[in-house]
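Engineer:
Residue numbers (full-length UniProt numbering), protein chains in the order written: chain A, 1 to 547; chain B, 1 to 133.
Below, the structure is given as structure tokens:
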């Protein structure tokens, strides 16, 4: 059995020998066990098949024509005979040239080289030779060159650059992510300054839950990060916060996050399993990592669950800065939120604007209940370029008072903190006051014509029923790469009068809010530099004495 | 007759010399042609070229000794020339049979040279016999 195994392995190691017998070589035999049409050399064809052919697609099969004499198989159809039959002749073809090859003492001279079959022994060498984008004939000399280059460079690039994998003690900082399929692969390194968010599926089992490394907090904070590549300065990963998620999805933030919680089996559940990790890395502006923190989401796995979805995120912040996500650089990018802010007190000495995630321009978000009074709080950010309309229904009863209702509706339409200024460019900095556009607020009151007389007599109750935000933007900059710039933002609140209802009756009024983006860019005309003109003038008295 | 020098040998040596120049240039040109047209790895090209140049190096003393021995009717140089001829014959047979690519032109050139060597060796033996006796 060992001998046959070796023999089988030896057979596998070499590719099958090429067919060189001219009589057996057939190029047009493409269908297996079937007769190919007009293929006179096909061994699957019978005499009846040959009688149906019209010509021979391959009339002659020869060996290398540079040999002085070689065998040739000549196939032809004899159409005179009835039925037509195939004629097969094996002849010796002679090359009349004086430079024909009489003999060779080198077997591979006239054949293509058989490639080496990879085996465990020669795999590394084959990979070195053929594994790159180009085949190196001498892989050893390449290695020597790169080794010589590396030591001088190592002293210069002792900092992280964009995209370089963040190195840790043993290997790289891993951000498990789906590769090819949705299953988690732990071999994805996190790149420096590359903010990533990935979600992948991990297969779990409750019995082995304390032995699966990827479910334990320790796996993610175990190895410390190197402050600069190839250095010995370590940065420990601290646990920033732990959020515990219950089986029904409710999340609770734990007050003490210094205790390491490892997964364990409790009542047929696996608790303290890692469901998500959020890395926050702080770096200096010279590419050195100074702090690393990880925020965990731990959860419980029930017995029936065979897989869980883990989500991972990493974000990089420069030290001493507040990260503000840009909505474009410099022009707004369609789909990114419109940045807005307030001007704190200090006019006429305008201070910087306050712009953070909580002061975005938002509009009311329609909910499934459609009741304005219960839908408070749900707001959607205004995304540049996306016209949006939303609304809710207001049920007015006779008992409702006008003033509180008007105030409530204003809150519903405008939200808790309606901003005063909108950033003109996607990357407007808070210090540049001129880059911010004030929101113009208009009030329009609808009045039905036939009620004018009655309104002048009784006290009118105006309630806002719609908020229309119109954002006018223009294309700014070069013709080939225009940037979107917000020029004007107008928020129009339309009010209508509320007539007093008889008691017991109720009325339903629709409340709408909308955002419209209008392009007011003037058509651009390409302008070219003026062609230089040759300005030649003859001197004044050139034609003296005739002129 | 008092003249022991062999006239046919002299003529043959003279023709051999001229033919060898042509043979050397033709074979070198054909090796260059073969290395361009066919796949001719370096570790097979080197022995073929070495044999050709070795033969050229051997040819010069061989012909000189043959001329000198025949004209001065001395058997020592002629005997030495015969020995060198044996070496040249071996190299010629290599180029005829064991070269990496043997073209038809190679076969022609080498067989003509080989027949020339054979005839020459016969005449040299006869001349040595005549000188000695």
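We treat Cβ as the ideally placed atom computed from N, Cα and C, and that holds for glycine. Given the structure is predicted, the values throughout are model-derived calculations rather than measurements.
(1) Below 8 Å on C-beta distance, what does residue 100(B) contact in chain A?
(2) Hey, which unbroken runs of the beta strand (DSSP E) at 3 residues or more fall wholly within the segment 391-446 of chain A?
(3) Is residue 276(A) near the ligand GDP, going by C-beta to nearest heavy atom under 7 Å?
(4) Got a sec: which bits of the segment 20-36 of chain B sit with their beta carbon under 8 Å from any beta carbon on chain A, in order along the chain?
(5) Spell out whether any CB of chain A is found under 8 Å from the CB atom of residue 50(B).
(6) Suppose you measure from the CA of residue 252(A) to the CA of residue 296(A); what does that come to, to the nearest Å?
(7) Are any of the Cβ atoms in chain C nearer than 8 Å to that of residue 81(B)?
(8) Using the beta-carbon count (16 or more within 10 Å), is residue 464(A) buried or exposed?
(9) Would you please verify whether the beta carbon of residue 43(B) is less than 8 Å from any beta carbon of chain A?
(10) Is any beta-carbon of chain A found at less than 8 Å from that of residue 105(B)?
(11) Unbroken beta strand (DSSP E) runs of length 3 or more, entirely within the segment 251-293 of chain A: which are they?
(12) Based on Cα-Cα distance, which residue from 316(A), 200(A), 48(A) and 20(A) lies nearest to residue 62(A)?
(13) How many whole angstroms separate the CB atoms of residue 122(A) and residue 315(A), which I take to be in contact at a CB cut-off of 8 Å?
(14) Output yes or no for whether 8 Å exceeds the beta carbon distance between residue 206(A) and residue 116(A).
(15) Within its chain, find whatever has a CB closer than 7 Å to the CB of residue 33(A); leave out the 5 residues flanking it on each side and keep chain order.
(16) Using the three-state DSSP reduction, which class does residue 68(B) fall into: helix, strand or coil?
(17) Note down the Cα distance separating residue 372(A) from residue 488(A), rounded to an integer number of angstroms.
(18) Quick one: does residue 39(B) have its CB under 8 Å from some CB of chain A?
(19) For residue 49(A), which residues of its own chain have a beta-carbon under 6 Å away from its beta-carbon, when the five flanking residues on both sides are left out?
(20) Am I right that residue 101(A) and residue 67(A) are in contact with their C-beta atoms under 8 Å? What's the rounded C-beta distance?
(21) Taking 8 Å as the threshold (C-beta atoms), are residue 486(A) and residue 422(A) in contact?
(22) For a test of the three-state rule: what should DSSP assign to residue 488(A), helix, strand or coil?
(23) Does residue 318(A) pass the burial test, meaning 16 or more other C-beta atoms within 10 Å, or should it be called exposed?
(24) Relative to chain B, which residues along the segment 294-316 of chain A have a C-beta separation below 8 Å, given in chain order?
(25) Could you tell me if residue 217(A) is buried or exposed, where buried requires 16 or more neighbouring beta carbons within 10 angstroms of its beta carbon?
(26) For the 8 Å Cβ check, are there 3 or more pairs between the segment 57-76 of chain B and the segment 99-116 of chain B?
(27) Please state if the CB of residue 398(A) and the CB of residue 502(A) are separated by a distance shorter than 8 Å.
(28) Distance, Cα to Cα, residue 70(A) vs residue 50(B)?
(29) Is residue 103(A) helix, strand or coil by DSSP?
(30) Within 10 angstroms of the Cβ of residue 418(A), are there 16 or more other Cβ atoms? Answer buried if so, exposed if not.
(31) CA-CA distance, residue 70(B) and residue 27(B)?
(32) Pull up the distance between the alpha-carbon of residue 124(B) and that of residue 14(B), whole angstroms please.
(33) Suppose the cutoff is 6 Å on Cβ atoms and the five residues either side in sequence are ignored; what does the same chain contact list for residue 167(A) look like?
(34) With a threshold of 8 Å between beta carbons, is residue 289(A) in contact with chain B?
(35) Does residue 522(A) pass the burial test, meaning 16 or more other C-beta atoms within 10 Å, or should it be called exposed?
(36) Taking Cβ-Cβ distances shorter than 9 Å, what residues in chain B pair up with residue 192(A)?
Structural biologist: Result, derived from the coordinates:
(1) Position 100 of the second chain, counted from the start, is the residue given in the question as residue 100(B). Within chain A, the residues near residue 100(B) are 104, 105, 106 and 109.
(2) 421-423 and 436-446
(3) Absence of the ligand GDP is noted for the structure shown, with no ligands found whatsoever.
(4) 30 and 33
(5) One-based indexing of the second chain puts residue 50(B) at position 50. No, its Cβ sits nowhere closer than 8 Å to a Cβ of chain A.
(6) In the first chain, the residue the question calls residue 252(A) occupies position 252. In the first chain, the residue the question calls residue 296(A) occupies position 296. Approximately 12 Å between the Cα atoms of the pair.
(7) No chain C is present in this structure, whose protein chains are A and B.
(8) Taking the first chain and counting its residues from 1, the one referred to as residue 464(A) is at position 464. The residue is buried, with at least 16 neighbouring Cβ atoms inside 10 Å.
(9) Counting from 1 along the second chain, the entry for residue 43(B) is found at position 43. No, its Cβ sits nowhere closer than 8 Å to a Cβ of chain A.
(10) The count along the second chain starts at 1 and reaches residue 105(B) at position 105. Yes, residue 105(B) counts as interfacial toward chain A.
(11) 251-253, 264-266 and 269-283
(12) Here residue 62(A) refers to the residue found at position 62 when the first chain is read from its first residue. Measuring from the Cα of residue 62(A), the nearest candidate turns out to be 20(A).
(13) For the purposes of this step, residue 122(A) is identified with residue 122 of the first chain, where counting begins at 1. For the purposes of this step, residue 315(A) is identified with residue 315 of the first chain, where counting begins at 1. Incorrect: roughly 45 Å between the Cβ atoms, too far for contact.
(14) Position 206 of the first chain, counted from the start, is the residue given in the question as residue 206(A). Position 116 of the first chain, counted from the start, is the residue given in the question as residue 116(A). No; because the gap between Cβ atoms is not below 8 Å, this pair is not in contact.
(15) Numbered from 1 along the first chain, position 33 holds the residue referred to as residue 33(A). Hits under 7 Å: 44.
(16) Against the second chain, residue 68(B) aligns to sequence position 68. Residue state, collapsed to three classes: helix.
(17) To locate residue 372(A), count along the first chain from 1; it is residue 372. To locate residue 488(A), count along the first chain from 1; it is residue 488. Spanning the two alpha carbons is a distance of roughly 29 Å.
(18) As a first step, residue 39(B) must be located in the second chain, where it is residue number 39. Yes, residue 39(B) counts as interfacial toward chain A.
(19) Residue 49(A) sits at position 49 when you count from the first residue of the first chain. Excluding positions up to five away in sequence, the list reads 35.
(20) In the first chain, counting from the first residue as 1, residue 101(A) sits at position 101. In the first chain, counting from the first residue as 1, residue 67(A) sits at position 67. About 5 Å; that satisfies the 8 Å criterion.
(21) In the first chain, counting from the first residue as 1, residue 422(A) sits at position 422. In the first chain, counting from the first residue as 1, residue 486(A) sits at position 486. Cβ atoms of residue 422(A) and residue 486(A): closer than 8 Å.
(22) If you number the first chain from 1, residue 488(A) lands on position 488. In this structure, residue 488(A) counts as strand in the three-state DSSP scheme.
(23) Stepping through the first chain from its first residue, residue 318(A) is reached at position 318. Burial call: exposed.
(24) none
(25) As a position in the first chain, residue 217(A) is number 217, starting the count at 1. Its Cβ being crowded by 16 or more others within 10 Å, residue 217(A) is buried.
(26) no
(27) Reading the first chain from its first residue, position 502 is the one you call residue 502(A). Reading the first chain from its first residue, position 398 is the one you call residue 398(A). A contact, by the Cβ cut-off of 8 Å.
(28) As a first step, residue 70(A) is located in the first chain; it is residue number 70 there, counting from the start. As a first step, residue 50(B) is located in the second chain; it is residue number 50 there, counting from the start. C-alpha separation (whole angstroms): 31 Å.
(29) One-based indexing of the first chain puts residue 103(A) at position 103. Residue 103(A) falls in the strand class under three-state DSSP.
(30) Here residue 418(A) is taken as the residue at index 418 of the first chain, counted from 1. The residue is buried, with at least 16 neighbouring Cβ atoms inside 10 Å.
(31) For this step, residue 70(B) is matched to residue 70 along the second chain. For this step, residue 27(B) is matched to residue 27 along the second chain. Between residue 70(B) and residue 27(B), the C-alpha separation is close to 29 Å.
(32) Translated into the one-based positions of the second chain, residue 124(B) becomes position 124. Translated into the one-based positions of the second chain, residue 14(B) becomes position 14. Cα to Cα, the separation comes out at about 14 Å.
(33) By one-based count along the first chain, residue 167(A) stands at place 167. Answer for residue 167(A): 226 and 229, listed in chain order.
(34) Indexing the first chain from 1 puts residue 289(A) at position 289. Closer than 8 Å: no.
(35) Looking up residue 522(A) in the first chain gives position 522. Exposed, by the Cβ-count rule.
(36) Your numbering for residue 192(A) matches position 192 in the first chain. Going along chain B, no residue has its Cβ under 9 Å from residue 192(A), so there is no contact; the nearest lies around 47 Å.
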